[in-house]
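Chains as they are written, first to last, in my numbering: chain C, 312 to 441; chain Z, 790 to 1114; chain V, 25 to 334.
Cβ atoms here follow ideal geometry from the backbone N, Cα and C, with glycine treated the same way.
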Amino acid sequence: MIRFRVDGRSGAPPYQQIVQQVRQALRMGVLAIGDQLPSVREAVAVTAVNPNTVLKAYRDLEREGLVEARAGLGTFVRARPPGPPPGTHSRLGRGLAAWVREARAAGLDDEAIESLLRVTLQAAAEEDIA
Amino acid sequence: MTWVTWRQYRYQGALTAALTAVLAVVLLITGLHAAWAWHSALAACTKDGSCASLPDSNLSLSNTTIAALVVATSAVPLLPGLFWGAPMVAGELETGTNQFAWTQSITRRHWLAVRTGWLLLAAAVLAGAVSALATWWSGPDNALTADAFKANRFDITHIVPVGYAIFAMALGICAGALLRRTLPALAVTLAGFAALRVLTSQWLRLHFMTPVTVYYKLTAPFTPNGSYLAVSQGIVGANGKPLTAGPNSYGYNGAPIPAGCMRFTGSPNPGAVVPCLSAHGYRGYVTYQPASRFWAFQGIETGIFVVLAAVLLGVTFWVLKRRDA
Amino acid sequence: MTEEGHRMTAVIETSGLTKQYRRVTALSDCTISVPEGRISALVGPNGAGKTTLLRLLAVLAAPTAGRATVLGGPPRQDPAYLAEIGFLAQEIPLYRRLTARDHIGIGAHLNPRWDGESVRERLGGLKIPLDRPVGTLSGGQRAQVALALTLAKRPRLLLLDEPLAALDPLARRNFLAALAEAAAGGDLTIVLSSHLIADIERVCDHLILLAASRVQLCGDTETLLAEHRVLTGPRKDTTAIARTHAIVREDTTARQTTLLVKLNGPVIDPAWAVEEANLEEIVLGYMSQDDAGHGAGPADARLSAIGGDR
Chain C
312 MIRFRVDGRS GAPPYQQIVQ QVRQALRMGV LAIGDQLPSV REAVAVTAVN
362 PNTVLKAYRD LEREGLVEAR AGLGTFVRAR PPGPPPGTHS RLGRGLAAWV
412 REARAAGLDD EAIESLLRVT LQAAAEEDIA
Chain Z
790 MTWVTWRQYR YQGALTAALT AVLAVVLLIT GLHAAWAWHS ALAACTKDGS
840 CASLPDSNLS LSNTTIAALV VATSAVPLLP GLFWGAPMVA GELETGTNQF
890 AWTQSITRRH WLAVRTGWLL LAAAVLAGAV SALATWWSGP DNALTADAFK
940 ANRFDITHIV PVGYAIFAMA LGICAGALLR RTLPALAVTL AGFAALRVLT
990 SQWLRLHFMT PVTVYYKLTA PFTPNGSYLA VSQGIVGANG KPLTAGPNSY
1040 GYNGAPIPAG CMRFTGSPNP GAVVPCLSAH GYRGYVTYQP ASRFWAFQGI
1090 ETGIFVVLAA VLLGVTFWVL KRRDA
Chain V
25 MTEEGHRMTA VIETSGLTKQ YRRVTALSDC TISVPEGRIS ALVGPNGAGK
75 TTLLRLLAVL AAPTAGRATV LGGPPRQDPA YLAEIGFLAQ EIPLYRRLTA
125 RDHIGIGAHL NPRWDGESVR ERLGGLKIPL DRPVGTLSGG QRAQVALALT
175 LAKRPRLLLL DEPLAALDPL ARRNFLAALA EAAAGGDLTI VLSSHLIADI
225 ERVCDHLILL AASRVQLCGD TETLLAEHRV LTGPRKDTTA IARTHAIVRE
275 DTTARQTTLL VKLNGPVIDP AWAVEEANLE EIVLGYMSQD DAGHGAGPAD
325 ARLSAIGGDR
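Laid out in structure tokens, this is it:
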């Protein structure tokens, strides 16, 4: 079962963090189709956020077609977000980990790495438009 | 709420029971000893006919011991009011636990009523038990000295201690509710109780009913029967007015000796002046409450204290409901 | 605005609630509304009137003016009303010499609906001993005991006065998690006060701001966040903005003007950079209003910020 982490200090509102974590778990294969998401009560006991936050996140996921609520039973995974299979994600994740090790060895700190990533993403986006 | 009261007071209850047991044991031992001593003395004097000259004091206990026991026993009615009553409301207000108690599904009145009820009962039972013991204990003494109506015996025997205890408890609870802090409530309870007790036993009690006044010839002194309560006594002159010592007083019971009787004052027999005084119209008087009124007075005094207690409790209920917690 | 799960029946509704002592006005003209099922943050500086408001709702004190309707009637000293509310005072007043088990017994004897098993379960899960005098427990443990006892009453409204004040960060987290879990059922409305919004904003979906014994803000956090924005731009005249929107707070440096505004439509002037405000900024903005004397007064903020049900 997935365990949510809500960071009060990150820019994203709590419900969005939960949505993102579910989507990422689906991409990575941590959650498979048919798995049950934590009940609102369980999620809230772990994260100490308002129950409506979790409800809102689950509703958003339901609207996207990723999960479905079965009355009286809970919320279950219905589909994966579009994209390559979990295997690809894991492979790319491993590749990224290697690159991060190399960057760290070269002397880059987290801020520099994040900055580099953002700039690269931006440049790639501009390339796509052009 | 009864269960709750017992749960909260179990330590106090145990402690009080222990202390009372100690006092009871002391009273028992000294009482038994005094009774034994009296019965022996009675047996002895009956044999040789000297009963009229039995000493005027308790045969086996020193005056200090008696005084100490009387004080301890007199304090008993006050103590529950002081140690349980004063903190009952004040303690909760000080620690804030009333915010817990008064947000359970119970009205403040119900909370107060049950606790007060049990504490009053406990105080009454305690005072009653000690009073029964003290009544038994002062038996021999009263037989000798006819002291039962006097303040230091009347106050610790029969039913008035129960009235005192109920009043002290009500005063403690009321003081705690009004003052909202335990120490000031303790002080007020102590002072209030002491003041009322002194006022009652030294003055009020003497006048519950119109006292009886008897005038007697100086040559035939009169002492009221049994355990009476003396209000005042002395000498009246021919005009019926009480005489007090003056500049020419030779101190016969504090009354001045008239000129015509001065010649008797040099006599080695102090009683020699008496017939002369009598001839001048001097009489003795004693104003007192007869022994037959003993139980009526016990009832009246208990009634006064209980009525006052009821008034104080009424105030407490009103205050508790109206005031902010 | 309504959403599934966001009910709008008011559990608490007050009008002009005032509490006056001989020399001090603890609460002045307080008009708020708390819909059912909310976890409401009652924030404000010390002395703002938060404790007074909670005590009035818990019928531990009586108002000197104004009305309050809680769960369909005025707060009253009767067992039926008291059974529906739970109150936890700031000093966590438990009987220090009695054990948690004793307190469970007290609750069982004094309440019609009592779930003692839930207390034993909850404290067992937190490894808090049931048979030690509660005075010997740590602050965090006592707070959990008190919360468990208050929840065991199965109230419909929970009023908590600065419950986090004496707790360390871990204890705070556990307490908030326990609260959120209790509210997950949907039948419970919670009002908890704090003088720090940051502590409780993750668990709250409704906000009441008291400052200087008056209500400055009252409404769902979602609405408040949607209605307010932070505008930054080069230092300039703000009259144009002030004509359409309500300026809550204005800060100027030599070069820059920063505004916290309550929106009344879109911001058209491109000179202003518009960002979302976070809850703390909004709270601080309204709290500092009396000092700055700028922008919308409390009255405007209150009228349009109360729920959405007017």
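>> Determine whether the beta carbon atoms of S218 (chain V) and E186 (chain V) lie at a separation below 8 Å.
In response: Yes, the Cβ-Cβ distance between S218 (chain V) and E186 (chain V) is below 8 Å.
> If you check the beta carbons only, do F1094 (chain Z) and S1016 (chain Z) fall under 8 Å apart?
Replying inline: Not in contact: F1094 (chain Z) and S1016 (chain Z) (Cβ atoms no closer than 8 Å).
> D244 (chain V) lies in the beta strand (DSSP E); which residues open and close that run?
Replying inline: Segment R238 to D244, the beta strand (DSSP E) holding D244 (chain V).
> How would you label W827 (chain Z), buried or exposed, when you count the other beta carbons within 10 angstroms and need 16 or more for buried?
Replying inline: Burial state of W827 (chain Z) is buried, judged by a 10 Å Cβ sphere holding 16 or more other Cβ atoms.
> Whose CA, out of C:A436, C:V341, C:T364 and C:G394, lies closest to the CA of Y326 (chain C)?
Replying inline: Comparing Cα-Cα distances from Y326 (chain C) to each of C:A436, C:V341, C:T364 and C:G394, the minimum goes to C:T364.
> Which residues in chain V sit within 7 Å of P325 (chain C), going by Cβ to Cβ distance?
Replying inline: Ordered by position in chain V, the residues that pass the 7 Å Cβ test against P325 (chain C) are R226.
> Taking the C-alpha atoms as reference points, what is the distance between L867 (chain Z) and F982 (chain Z)?
Replying inline: So the alpha carbons of these two residues sit roughly 7 Å apart.
>> Determine whether the beta carbon atoms of V239 (chain V) and I63 (chain V) lie at a separation below 8 Å.
In response: Cβ distance not < 8 Å, so V239 (chain V) and I63 (chain V) don't count as in contact.
> Under the rule that 16 or more other beta-carbon atoms within 10 Å means buried, what is A325 (chain V), buried or exposed?
Replying inline: Unreliable placement is indicated for A325 (chain V), whose pLDDT of 40 sits below 50; the coordinate value is still reported in the next sentence. Around the beta carbon of A325 (chain V), a 10 Å sphere encloses 16 or more other beta carbons of the protein chains shown; the residue is thus reported as buried.
>> Tell me which residues share the same chain as T884 (chain Z) and place their Cβ nearer than 6 Å to its Cβ, disregarding the 5 neighbours each side in the sequence.
In response: Counting only Cβ-Cβ distances below 6 Å, and skipping sequence neighbours, we find nothing.
>> DSSP three-state label for V360 (chain C), please.
In response: In this structure, DSSP gives V360 (chain C) a state outside helix and strand, which the three-state scheme calls coil.
>> DSSP three-state label for S927 (chain Z), please.
In response: The three-state secondary structure of S927 (chain Z), taken from DSSP, is coil.
> In chain V, which residues lie with their C-beta within 7 Å of the C-beta of V793 (chain Z)?
Replying inline: Here the neighbours are I130, H133 and L134.
>> Once the 5 residues before and after E108 (chain V) are set aside, which same chain residues still bring their CB inside 7 Å of it?
In response: Once the five neighbours on either side are set aside, the close Cβ partners of E108 (chain V) are L95, P179, R180 and L181.
> Beta-carbon separation of R79 (chain V) and S39 (chain V) under 8 Å?
Replying inline: Here R79 (chain V) is not near S39 (chain V), since their CB atoms are 8 Å or more apart.
>> If I follow the unbroken beta strand (DSSP E) through I109 (chain V), where does it start and stop?
In response: Where I109 (chain V) is concerned, the enclosing beta strand (DSSP E) stretches over I109 to L112.
> When the Cα atoms are used, what is the spatial distance from A937 (chain Z) to A1019 (chain Z)?
Replying inline: The C-alpha of A937 (chain Z) lies about 12 Å from the C-alpha of A1019 (chain Z).
> Does the distance from the C-beta atom of A170 (chain V) to that of I221 (chain V) stay below 8 Å?
Replying inline: No, these two residues do not count as a Cβ contact at 8 Å.
> Per DSSP, E300 (chain V) is paired with what?
Replying inline: For E300 (chain V), which the question treats as bridged, DSSP gives the partners V:R253.
> Applying the criterion that 16 or more other CB atoms from any shown protein chain within 10 Å of the CB defines a buried residue, is G29 (chain V) buried or exposed?
Replying inline: For G29 (chain V), the predicted model reports a pLDDT of 48, less than 50, meaning its position is unreliable; a value from the coordinates is still stated below. Of the residues assessed, G29 (chain V) falls on the exposed side of the cut-off, its CB having fewer than 16 other CB atoms within 10 angstroms.
> When Cβ atoms are compared, which residues of the region 42–67 of chain V fall closer than 9 Å to chain C?
Replying inline: Residues of the region 42–67 of chain V with a C-beta atom less than 9 Å from some C-beta of chain C are G61, R62 and I63, listed in chain order.
> If you check the beta carbons only, do G870 (chain Z) and T971 (chain Z) fall under 8 Å apart?
Replying inline: No, these two residues do not count as a Cβ contact at 8 Å.
> Given that a residue counts as buried once 16 or more other Cβ atoms are within 10 Å of its Cβ, and exposed if not, what is A857 (chain Z)?
Replying inline: Counting the other CB atoms within 10 Å of its CB gives A857 (chain Z) a total below 16, which places it among the exposed residues.
> Residues of chain V with CB under 7 Å from F889 (chain Z), in chain order?
Replying inline: Against F889 (chain Z), the close residues of chain V are P117 and L118, in the order they occur along the chain (beta-carbon pairs closer than 7 Å).
> Along chain V, which residues have their Cβ under 7 Å away from the Cβ of P362 (chain C)?
Replying inline: Identification of chain V residues near P362 (chain C) by a Cβ-Cβ cut-off of 7 Å yields A204, A207 and A208, ordered along the chain.
> So which residues on chain C does L200 (chain V) lean against when the C-beta distance must stay under 8 Å?
Replying inline: When 8 Å is used as the limit between beta carbons, L200 (chain V) is near these residues of chain C: A359, in chain order.
> Using a Cβ-Cβ distance under 8 Å, would A325 (chain V) count as near chain C?
Replying inline: With a pLDDT of only 40 at A325 (chain V), under 50, the local geometry of the prediction cannot be trusted, and the value read off the model is given with reservation. For A325 (chain V), no Cβ of chain C is located within less than 8 Å of the residue's own Cβ.
> Residue ranges of each beta strand (DSSP E) run of no fewer than 3 residues wholly in the region 171–214 of chain V, ordered along the chain?
Replying inline: Entirely contained in the region 171–214 of chain V, the beta strand (DSSP E) runs reaching 3 residues are, in chain order, 181–184.
> Below 8 Å between beta carbons: does that hold for I232 (chain V) and L200 (chain V)?
Replying inline: If you check the CB distance, I232 (chain V) and L200 (chain V) do not come in under 8 Å.
> Going straight from the alpha carbon of A113 (chain V) to that of L419 (chain C), what length do you get?
Replying inline: Cα-Cα distance, rounded: 51 Å.
> Looking at C-alpha atoms only, which residue of C:A417, C:A408, C:R338 and C:P324 is the closest neighbour of P396 (chain C)?
Replying inline: P396 (chain C) has its Cα closest to that of C:R338, out of C:A417, C:A408, C:R338 and C:P324.
>> Taking CB distances under 8 Å as the criterion, tell me whether R381 (chain C) reaches chain V.
In response: Taking 8 Å as the CB threshold, R381 (chain C) stays off the interface with chain V.
> For W296 (chain V), does the count of other Cβ atoms within 10 angstroms reach 16, so buried, or fall short, so exposed?
Replying inline: Here W296 (chain V) is buried: its Cβ has 16 or more other Cβ atoms, across all protein chains shown, within 10 Å.
> Taking the alpha helix (DSSP H) that D336 (chain V) falls in, what are its first and last residues?
Replying inline: Nothing can be reported for residue 336 (chain V), as the shown portion of chain V is limited to 25 through 334.
>> Does A832 (chain Z) pass the burial test, meaning 16 or more other C-beta atoms within 10 Å, or should it be called exposed?
In response: Exposed is the call here.
> Can you name the residues of chain V whose CB is closer than 9 Å to the CB of G319 (chain C)?
Replying inline: The contacting residues are A222, E225 and R226.
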